[in-house]
Amino acid sequence: MAGIFRTIYDWLLRMFWATEMDVTMIGLQNAGKSSLLRVLAGGEFTVDSIPTIGFNTKRVQKGHVTLKCWDLGGQPRFRPMWERYCRGVNAIVYIVDAADRAALPVATDELHELMSKPTLDGIPLLVLGNKSDLPNKLSVDELIDAMDLKSITHREVSCYGISAKEETNLDAVLHWLIARASR
Numbered sequence: 338m339a340g341i342f343r344t345i346y347d348w349l350l351r352m353f354w355a356t357e358m359d360v361t362m363i364g365l366q367n368a369g370k371s372s373l374l375r376v377l378a379g380g381e382f383t384v385d386s387i388p389t390i391g392f393n394t395k396r397v398q399k400g401h402v403t404l405k406c407w408d409l410g411g412q413p414r415f416r417p418m419w420e421r422y423c424r425g426v427n428a429i430v431y432i433v434d435a436a437d438r439a440a441l442p443v444a445t446d447e448l449h450e451l452m453s454k455p456t457l458d459g460i461p462l463l464v465l466g467n468k469s470d471l472p473n474k475l476s477v478d479e480l481i482d483a484m485d486l487k488s489i490t491h492r493e494v495s496c497y498g499i500s501a502k503e504e505t506n507l508d509a510v511l512h513w514l515i516a517r518a519s520r
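Numbering (my numbering), first residue to last: 338 to 520.
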């Protein structure tokens, strides 16, 4: 019986108090952006994901909030487009392969370059260390230090360790995003 009331309650929320938010998901190639988005949207994790050429969009419905997510390609030729797709969004999600220490300096440079753009001031940033299920991955504290996240100003910055494959900590990611939907 409680399930019926919950369904009706959720329907009423979506009908009368629905909120839509725009989220841009960026990061270097092979960080797991598309895999994360697929899992958040209710799909399954696949090992043989095809690299994103340009961008993909997906809508993720959670209660009364619809997340309109832009998944941007991470190859060098697509990185100049990142700023354009980050302007005016409710949140920027920067995904890093926490087990790929060799790629971390480039990931850090790209993030700091993007965050230095005045057009993006004030937009909350969520840095996700993906692939936390792999050995030799960086902890959240190590990621914060290695990427010098404390030096990023003019916005709220948060960092979580996740695994799209194991669906670890994804509920925290959704809660963080939904909390920023009304801002």
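C-beta atoms are modelled at their ideal positions from N, C-alpha and C, and glycine is treated no differently.
Within 10 Å of its beta-carbon, does residue i have 16 or more other beta-carbons around it, so buried, or fewer, so exposed?
i: Asp-434; result: buried
i: His-401; result: buried
i: Lys-370; result: buried
i: Lys-542; result: A question about residue 542 goes unanswered here, because the residues of the chain that appear run from 338 up to 520.
Throw me the rounded Cβ distance for the residue i and residue j pair, which I believe falls under 8 angstroms.
i: Leu-409; j: Ile-363; result: 5 angstroms
i: Pro-461; j: Glu-493; result: 4 angstroms
i: Leu-441; j: Ala-483; result: 6 angstroms
i: Thr-394; j: Arg-424; result: Between Arg-424 and Thr-394 the Cβ distance is about 16 angstroms, and since that is not below 8 angstroms, they are no contact.
i: Ala-428; j: Leu-463; result: 6 angstroms
i: Val-426; j: Thr-361; result: 5 angstroms
i: His-512; j: Asp-458; result: Contact doesn't hold; Cβ gap of about 24 angstroms is too wide.
If you follow the beta strand (DSSP E) that residue i is part of, which residue opens it and which one closes it?
i: Ser-495; result: 494-498
i: Leu-409; result: 402-409
i: Glu-357; result: 356-363
i: Leu-457; result: Per DSSP, Leu-457 belongs to no beta strand (DSSP E) and is neither H nor E.
i: Val-430; result: 428-434
i: Leu-465; result: 462-467
How far does the alpha helix (DSSP H) with residue i in it reach, from first residue to last?
i: Ile-481; result: 477-483
i: Ser-372; result: 370-377
i: Ile-291; result: No answer is possible for residue 291: the residues shown for the chain start at 338 and end at 520.
i: Arg-424; result: Per DSSP, Arg-424 belongs to no alpha helix (DSSP H) and is neither H nor E.
Among the options, which one has its Cα closest to the Cα of residue i?
i: Pro-417; options: Ile-499, Glu-447, Val-426 and Val-397; result: Glu-447
i: His-449; options: Phe-342, Arg-396 and Glu-420; result: Glu-420
Using a Cβ cut-off of 9 angstroms (strictly closer), state whether residue i contacts chain D.
i: Lys-399; result: This model lacks chain D altogether; it includes just one protein chain.
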